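Chains A and B supply the protein sequences, listed in that same order.
For the first sequence, my numbering gives the first residue as 21, with consecutive numbering after it.
For the second sequence, my numbering gives the first residue as -18, with consecutive numbering after it.
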Amino acid sequence: MNVLQAWLDQPGVTIVLVGTLVGVAASLLGTFLVLRRESMLSDAISHSVLLGIVVVYLLTGTLDTPLHVVGAALAGLATVWLTDVLVRSRRVKSDAAIGLVFPALFAVAVLLINLYARDVHLDTDAVLLGEIAFAWLDVVRVGALEVARSLVTMLVVTLVNLAFVVLLYKELKLATFDPQLAAALGLRPALLGYALLGLVSVSAVGAFDAVGAILFVAFVIVPPTAAYLLTDRLWRMLTLGCLIAVGSSLGGYAFARAYDVSIGGAMASATGVFLLLALLLGKHGVLARAWRRRSPTAPPFAELGAEGRP
Amino acid sequence: MTTMAQVTNATGMHEPSYALHVEDLTASYSGSAVLWDVDLNVPPGVLAAIVGPNGAGKSTLLKCVIGAVRPAAGHVYVFGRPYRRQRHRVAYVPQRTSVDWDFPTTALDVVTMGLYGRLGWLRQPRRRETDEALEALAMVGMDAYGERQISQLSGGQQQRVFLARALVQDADLYLMDEPFAGVDATTERAIVELLKDLRGRGKTVVAVHHDLQTVSTYFDWLALLNVRLIAQGPVREVYTAEHLRAAYGPRVVLLNAGAEQPGSAAAAPAAVDAGERRAPPLD
Chain A
21 MNVLQAWLDQ PGVTIVLVGT LVGVAASLLG TFLVLRRESM LSDAISHSVL
71 LGIVVVYLLT GTLDTPLHVV GAALAGLATV WLTDVLVRSR RVKSDAAIGL
121 VFPALFAVAV LLINLYARDV HLDTDAVLLG EIAFAWLDVV RVGALEVARS
171 LVTMLVVTLV NLAFVVLLYK ELKLATFDPQ LAAALGLRPA LLGYALLGLV
221 SVSAVGAFDA VGAILFVAFV IVPPTAAYLL TDRLWRMLTL GCLIAVGSSL
271 GGYAFARAYD VSIGGAMASA TGVFLLLALL LGKHGVLARA WRRRSPTAPP
321 FAELGAEGRP
Chain B
-18 MTTMAQVTNA TGMHEPSYAL HVEDLTASYS GSAVLWDVDL NVPPGVLAAI
32 VGPNGAGKST LLKCVIGAVR PAAGHVYVFG RPYRRQRHRV AYVPQRTSVD
82 WDFPTTALDV VTMGLYGRLG WLRQPRRRET DEALEALAMV GMDAYGERQI
132 SQLSGGQQQR VFLARALVQD ADLYLMDEPF AGVDATTERA IVELLKDLRG
182 RGKTVVAVHH DLQTVSTYFD WLALLNVRLI AQGPVREVYT AEHLRAAYGP
232 RVVLLNAGAE QPGSAAAAPA AVDAGERRAP PLD
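Right, here's the structure in full:
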């Protein structure tokens, strides 16, 4: 136990572990958001959950309650629902609808903070950027150990997301690929969609304290997108997305230490480096396409010109 | 109009003699009616085509049957019971273009999805399901392509994968949305054979179709739809100039006046809307 405690007492270990957990939790869900072409919903949700947190604070008078998770999840789902309503009106496209809804909810949250909660630790900079460098300062006791609060939170969130994706793998896959068949088979794709986005909201709140909205959104979108360029199997895309998230946390932290820059910023940038590499070197990347175009005698699926047997 | 009491028998079944029975169905998107008071009765064992112009509500009708679109009014019965109690007896083939073929999965995996309903929540497909999916792929001549990523298949091959996914469900009623859209001639012939094979095994097929020229050769039962139901029944009775004009409007060009006489469908009159042919419907 003492060895473990000594290990956890190093700020670097906590920072990298929190970054890793946020990355894994985010890219597990992000894989499905990217495939549903709804990745920007994560951006919307991670902003509007602030409204849920503020409202719960104003109702309970404290920031220290698990009700925040409920409030945030509700605010996230409200974002999704309002976006849906706007899109269904057929007057607004989905990207514009997202752009209308979340700034409105975020603005209300900021107004409420300024009007009624000026003296509380809820400043908007921290919400957007977080401060992962201080993640190790706020500790809680878990058994005989003193562990960073955000590490515990993110461990729980990551395990919940992992269970969700593993147990409902086939349901999520079908609801993402062909929601109409999922509905026809009675597998409730709409409900599953709300569950997915509800978990995105909860993860956003969990990630919030530690890494802020921007790094969370980067982890939701970038590792799955990079993985998508590297493979054409869903389970591999999930695995690669997680590995890229872990690599980005480690690489980003090392870079930030070496050059004395923002740790969260370096981690976000690291995901971008992986995306760039995947874009250049992946099997669906730029180089692979160019190579295929230049060698028409040896395309990988030349025989497809002919039809399969009747 | 018969009342519920008259047509509902002691077993709680409603019009059980029909494979598909649609009653007073009305559906709308953002205020405008897509389907208006549609009554449809498809007897078991037929190959039925739902035909009509763009925006006639053909796809919406199928989606109302499977509950993907909530109707504003009306009821749907499959073999005498509501759809949700008959899911295992119905296989649905959506339009090929309704899904993203760049999705990271294989042809075999897509076919296996047809068994997700039988598996139910939380249970993952195993060897048995994979074997059944491979068998279904073989039935459409695609067993050699099982491990291929689906974007690397031609349009016709993708449609066959979708049909294999319906076959693996071993249903009694097959609902197909434009199964012939954008497929090559070889696949079109293969699908026709498949439909006849299904009919031979006593299955019922209801397909949205847009090619008036092939209706009477491919199908034996026809429903003409243009928001309202224009006519329904055996092809040779329904496929008349009068009905086609009612469905498509006076612009419909009848290449063969023989279509005027009921019962002359065997002469294959080609009733073609010129504009329609240049721009195949995508609804």
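C-beta: ideal position from N, C-alpha, C; glycine also.
Note that the structure is a prediction, hence the values are computed from the model and not measured.
Chain A beta carbons: is any one of them nearer than 9 Å to that of residue i?
i	result
B:V233	no
B:L1	no
B:D81	yes
B:L100	yes
B:Q140	no
B:L103	yes
B:G95	yes
B:R146	yes
B:P106	yes
B:S9	no
B:V189	no
B:V15	no
B:T111	no
B:V92	no
B:T87	yes
B:D264	A caution first: B:D264 carries a pLDDT of 40, below 50, which makes its placement in the model too unreliable to give a value.
B:A240	Unreliable placement is indicated for B:A240, whose pLDDT of 44 sits below 50; the coordinate value is still reported in the next sentence. No - not a single Cβ of chain A is within 9 Å of the one on B:A240.
Bridge partners of residue i, per DSSP?
i	result
B:G36	In the DSSP output, where bridge partners are listed per residue, B:G36 has none listed.
B:N207	B:R209
B:V19	B:L6
B:I47	Paired residue(s): none; B:I47 is not in a bridge.
B:T158	The question names Thr, but residue 158 of chain B is Asp in the sequence shown. Note: B:D158 sits in a beta bridge opposite B:V189.
B:A54	B:T7
A:A288	The partner list for A:A288 (beta bridge, DSSP) is empty, contrary to what the question assumes.
B:P63	B:Y58
A:Y136	Per DSSP, none; premise fails for A:Y136.
B:I31	B:V189 and B:A204
B:V71	B:L154
B:S14	The amino acid occupying residue 14 of chain B in the given sequence is Ala; Ser does not appear at that position. According to DSSP, which records beta bridges pairwise, B:A14 is partnered with B:S9.
Within 9 Å of any Cβ in chain B, is that where the Cβ of residue i sits?
i	result
A:D252	yes
A:S109	yes
I want to verify the contact list: residues of chain B whose CB lies under 7 Å from the CB of residue i, in sequence order.
i	result
A:L55	F84
Note down, in chain order, every chain A residue with its Cβ under 8 Å from the Cβ of residue i.
i	result
B:Y73	Q200, L201 and A204
Just to make sure I have the definition right: I need the residues of chain A whose C-beta is within less than 7 Å of the C-beta of residue i. Which are they?
i	result
B:P52	Neighbours of B:P52 on chain A: none; closest Cβ ~14 Å, over 7 Å.
B:Q130	D252
Quick one: which chain A residues come within Cβ less than 9 Å of residue i?
i	result
B:Y199	Near B:Y199 there are no residues of chain A at all, since even the closest Cβ is about 16 Å away, more than 9 Å.
Please report whether the beta-carbon of residue i lies at a distance below 9 Å from any beta-carbon of chain D.
i	result
A:L217	The chain inventory of the structure shown lacks chain D, comprising the protein chains A and B.
**Report entry** the segment 176 to 206 of chain A: positions lying closer than 9 Å to chain B by Cβ
**Finding:** L187, L188, Y189, K190, E191, K193, L194, T196, F197, D198, P199, Q200, L201, A202, A203, A204, L205 and G206
Query raised in the report: Which residues, in chain order, does the segment 247 to 272 of chain A contribute to contact with chain B at a C-beta distance below 8 Å?
Result: Y248, T251, D252, R253, L254, R256 and M257
Query raised in the report: Where in the segment 154 to 219 of chain A do unbroken runs of the alpha helix (DSSP H), each at least 4 residues long, occur, reported from the N-terminal end onward?
Result: 169 to 187, 189 to 197 and 199 to 204
Query raised in the report: Which runs of the beta strand (DSSP E) spanning at least 3 residues fall entirely within the segment 260 to 285 of chain A, listed in chain order?
Result: none
Requested in this report: Quick one: which residues of the segment 45 to 70 of chain B get their C-beta closer than 8 Å to a C-beta of chain A? List them in chain order.
Outcome: I47, G48, A49, R65 and R68
**Report entry** Uninterrupted beta strand (DSSP E) stretches inside the segment 165 to 235 of chain B (no shorter than 3 residues)
**Finding:** 185 to 190, 202 to 207 and 209 to 215
Report task. Scan the segment 81 to 138 of chain B and note each continuous alpha helix (DSSP H) run of 4 residues or more that stays entirely inside, going in chain order. Result -> 88 to 93, 97 to 100 and 108 to 120
Query - Length-filtered (4 minimum) alpha helix (DSSP H) runs lying within the segment 67 to 96 of chain A - result: none
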